[in-house]
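Since the structure comes first, as structure tokens, the remarks are kept for the end.
In UniProt numbering, the protein residues as written are 1 to 136.
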């Protein structure tokens with residue numbers, strides 16, 4: 001099996017490996033959603049890809065794979081992958097990176113006194129989607 005071309009698709013994120021086997025051309029697509037939610041840095045994601053899909057990406061250079069995965073990281077929506085991750089089982093470094101992302105998004109959306117649209121004790125009524133025991 002020899003890879004011919006490697007490419008990426010951004011929505012949904014995936015890596016495509018075009019390879020020849022017995023004279024025929026095949027395409028192996030690797031969905032990146034689960035990898036993006038589990039890995040916060042490109043290096044660990046590329047290593048995991050090389051382990052999980054060794055038969056397809058062994059002959060692809062690590063530099064090329066890293067460059068392509070970096071492009072997916074740059075195009076990914078900042079918080080699109082956060083809800084699916086289990087942050088109880090990630091390293092301290094990964095958790096810190098995720099918390100830093102959350103903080104930066106929060107700070108970009110926070111309204112302070114003097115900002116347009118700021119209201120001091122803003123109260124909003126919501127229509128419940130279902131009845132609760134404590135509702136009147």
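Cβ coordinates follow ideal geometry from the N, Cα and C atoms, glycine included.
With a contact defined as Cβ atoms closer than 8 Å, residue 45 and residue 39 qualify at about 4 Å. Classified as exposed, residue 113 has fewer than 16 neighbouring CB atoms from the shown chains inside 10 Å of its CB. Close CB contacts of residue 66 within its chain, under the 8 Å cut and outside five residues either way in sequence, are with 42, 43, 46 (chain order). In this chain, the beta strand (DSSP E) harbouring residue 20 covers 14 to 21. A straight-line Cα-Cα distance of about 16 Å links residue 125 and residue 134. Of 94, 116, 28, 105, the smallest CA-CA separation from residue 3 is found for 28. 8 is the residue among 116, 130, 8 whose C-alpha sits nearest the C-alpha of residue 17.
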